[in-house]
Amino acid sequence: MTQQRAHAMLPRATHDELARQAFVQSLKVHLASEVSPGNKRVYEQSVKPQIEAALQRAPRDRHDVRPLMKRQPYYQMWSSLQRTSQEMMWDSVSSSVDRQIDTLIDAARQQPASLGSLTLDPAMPIPSYHQAVDIHCQPGGYHTELCRDDVAAGAIYDRAVHVYAMGRMGDLNDDLGASAVAWLKRNRPDFKPRRILDMGCSVGHSTLPYVDAYPDAEVHAIDVGAPMLRYAHARAESLGKRVHFSQQNAEQTNFESGSFDLVVSHILLHETSGRAIPRIMKEIHRLLSPGGTMLHAEVPQYEGMDPYDAFMLDWDTYNNNEPFWGAVHDMDLVKLSTDAGFAADQVFQVMTPSAIEEAQSRTQLLQGGDFAGAGVWFLYGALKAPAAAA
Ligand SMILES: C[S@@+](CC[C@H](N)C(=O)[O-])C[C@H]1O[C@@H](n2cnc3c(N)ncnc32)[C@H](O)[C@@H]1O
Numbered sequence: 000m001t002q003q004r005a006h007a008m009l010p011r012a013t014h015d016e017l018a019r020q021a022f023v024q025s026l027k028v029h030l031a032s033e034v035s036p037g038n039k040r041v042y043e044q045s046v047k048p049q050i051e052a053a054l055q056r057a058p059r060d061r062h063d064v065r066p067l068m069k070r071q072p073y074y075q076m077w078s079s080l081q082r083t084s085q086e087m088m089w090d091s092v093s094s095s096v097d098r099q100i101d102t103l104i105d106a107a108r109q110q111p112a113s114l115g116s117l118t119l120d121p122a123m124p125i126p127s128y129h130q131a132v133d134i135h136c137q138p139g140g141y142h143t144e145l146c147r148d149d150v151a152a153g154a155i156y157d158r159a160v161h162v163y164a165m166g167r168m169g170d171l172n173d174d175l176g177a178s179a180v181a182w183l184k185r186n187r188p189d190f191k192p193r194r195i196l197d198m199g200c201s202v203g204h205s206t207l208p209y210v211d212a213y214p215d216a217e218v219h220a221i222d223v224g225a226p227m228l229r230y231a232h233a234r235a236e237s238l239g240k241r242v243h244f245s246q247q248n249a250e251q252t253n254f255e256s257g258s259f260d261l262v263v264s265h266i267l268l269h270e271t272s273g274r275a276i277p278r279i280m281k282e283i284h285r286l287l288s289p290g291g292t293m294l295h296a297e298v299p300q301y302e303g304m305d306p307y308d309a310f311m312l313d314w315d316t317y318n319n320n321e322p323f324w325g326a327v328h329d330m331d332l333v334k335l336s337t338d339a340g341f342a343a344d345q346v347f348q349v350m351t352p353s354a355i356e357e358a359q360s361r362t363q364l365l366q367g368g369d370f371a372g373a374g375v376w377f378l379y380g381a382l383k384a385p386a387a388a389a
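First residue of the sequence shown? That's 0 in numbering that gives the first Met the number 0, and the numbers climb one at a time after it.
Structure, rendered in structure tokens:
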């Protein structure tokens with residue numbers, strides 16, 4: 000099992016806890032590399048010919064594939080194991096965090112607020128899309144608090160991401176942020192944002208690369224989950240990074256209009272809702288300064304994707320408590336942006352390579368719900384019109 004970089008908040012694992020987590024990670028690798036490819040054989044040899052015979056044409060999208068494929072015993076076996084591995088992952092990490100929760104809460108309380116800041120708003124309503132389901136089966140989701148100053152959800156998430164990603168997000172789980180930053184540096188080398196906002200920051204995995212890349216910028220990060228933010232703040236302080244965390248809904252924040260040059264998110268949008276996304280886009284347009292940049296690292300769109308691959312990547316919609324996953328893959332991102340006030344010719348959608356060196360090995364490990372199976376990330380964004388044209 001690859002090592003996660005230590006910091007003051009990272010839960011420690013006993014020998015047995017580590018063994019359980021390592022087993023789950025190995026099981027996930029085994030499912031992705033040894034079991035999942037059998038689905039493709041079932042599809043090519045049996046399901047695709049049946050679809051072609053029934054429809055008198057090749058399958059066009061995942062909807063053509065799903066009705067027959069979901070009834071295949073091999074697929075059902077893989078899907079069941081995949082779901083079980085997900086539940087085992089949360090179990091293996093949660094029990095370890097539960098054992099040391101008092102120590103972790105104390106560690107968070109003891110972080111001196113010498114660099115950044117933490118502002119919580121207990122009165123902020125948690126969006127219904129987080130209360131309705133435990134997203135990707137994380138017990139209690141991102142926001143549930145079971146005791147005063149709870150940090151459990153953050154601690155569980157930090158550790159579980161490392162197990163889920165099979166270590167390939169890097170030792171600080173920061174590959175998404177690092178890859179987005181690398182893209183910005185390559186494509187906009189002269190861009191020097193003065194204020195940056197990361198929406199849906201979770202425990203700050205993707206936020207910290209912006210602190211390193213733009214040391215003169217004031218970096219803010221928001222999330223709806225208080226336990227995530229307490230953990231994120233203490234983690235950032237422990238790693239010596241200055242970030243201002245606040246508990247806010249990305250649909251409507253309390254920041255001033257035009258006060259950010261760069262607003263980013265990383266795998267946030269697919270965990271919101273069809274009603275929330277347009278509101279988030281409008282809010283970003285309001286927050287951006289003239290000429291400012293919006294950048295989202297997300298799951299790639301299904302359009303143009305092989306129907307079988309789209310079907311497999313859509314596994315989370317039905318099996319992993321990600322009800323909005325499929326719908327967001329189908330959204331018209333240009334329309335979404337123009338409805339929010341961006342010009343169509345300022346919208347971009349690109350695939351960018353993973354910043355982590357093992358990107359190549361990731362290609363061998365495409366798993367259900369894996370949005371970085373090919374060692375690349377999908378970036379979507381837009382530039383706000385400069386002052387004269389605004
Ligand atoms: C998958 S996690 C994001 C991971 C993180 N950005 C990263 O790259 O490591 C999604 C996060 O978005 C937060 N979130 C969801 N909806 C939100 C909203 N409307 N406003 C702010 N945060 C939100 C969740 O609480 C959760 O922490």
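All C-beta atoms in this analysis are idealised placements derived from N, C-alpha and C, irrespective of residue type, glycine included.
Going by other Cβ atoms of all chains shown within 10 Å of its Cβ, with 16 needed for buried, is A220 buried or exposed?
buried
Below 8 Å CB to CB, which residues in the same chain sit around H62 once its five sequence neighbours on both sides are set aside?
none
Is it buried or exposed, D174, if we count other Cβ atoms within 10 angstroms and call 16 or more buried?
buried
Just list the beta strand (DSSP E) runs in the stretch 245-302, keeping only unbroken ones of 3 residues or longer that don't cross its boundaries, in chain order.
259-265, 287-297
Member of G224, H265, D331 whose CA lies at the smallest distance from the CA of Y209
H265
Contact test: L103 Cβ vs ligand 1 heavy atom, cutoff 7 Å
no
Pair every Cβ in the stretch 32-52 with every Cβ in the stretch 3-20, then say whether three or more of these pairs are closer than 8 Å.
no
Counting C-beta neighbours from all protein chains within 10 Å, is the total for A57 16 or more, i.e. buried, or is it exposed?
exposed
Residues bridged to F347 by DSSP?
G380
For L267 and A249, which I take to be in contact (beta-carbon distance under 8 Å), what is that distance rounded to the nearest angstrom?
7 Å
Would A152 and M227 qualify as a contact pair, given that the criterion is a beta-carbon distance under 8 Å?
yes
Once the 5 residues before and after L54 are set aside, which same chain residues still bring their CB inside 7 Å of it?
D63
Cβ atoms of R229 and L117: under 8 Å apart, would you say?
yes
Between which two residues does the alpha helix (DSSP H) holding M76 run?
72-98
M198 by DSSP, collapsed to three states: which one?
strand
Among G325, V298, V92, A309, which one has its Cα closest to the Cα of A154?
V92
Using only the alpha-carbon positions, how far apart do E16 and S95 sit?
6 Å
If you reduce the DSSP assignment to three classes, tell me which class V25 lands in.
Here residue 25 turns out to be Ser, not Val, going by the sequence shown. S25: helix per DSSP, three-state reduction.
For V346, which residues in the same chain have their Cβ closer than 6 Å to its Cβ, ignoring the five residues on either side in sequence?
V333, S336, A381
Exposure of Q75, with buried meaning 16 or more beta-carbon neighbours within 10 Å:
exposed
Count the other CB atoms, across all protein chains shown, that sit within 10 Å of the CB of P306; report buried if there are 16 or more and exposed otherwise.
buried
What does a CB cutoff of less than 6 Å around M280 pick up in its chain, not counting 5 residues either side in sequence?
L335, A339
CB A398 to CB P289, shorter than 8 Å?
The shown model of the chain, from 0 to 389, leaves out residue 398, and the question about it has no answer.
From H161 to E282, what distance separates their C-alpha atoms?
31 Å
For L364, I'd like the list of residues in its chain whose CB is within less than 6 Å of its CB, leaving aside the five on either flank, ordered along the chain.
A caution first: L364 carries a pLDDT of 48, below 50, which makes its placement in the model unreliable, though a value can still be read off. Taken in chain order, the residues that qualify are A31, S32.
How many angstroms separate the CA atom of M293 from the CA atom of F254?
16 Å
Quick check: what's the CA-CA separation for H204 versus A52?
48 Å
Note down, in chain order, each residue of its chain lying with its Cβ closer than 7 Å to the Cβ of R108, except the 5 sequence neighbours on either side.
D148
If you measure from the CB of N320, is any heavy atom of ligand 1 nearer than 7 Å?
no
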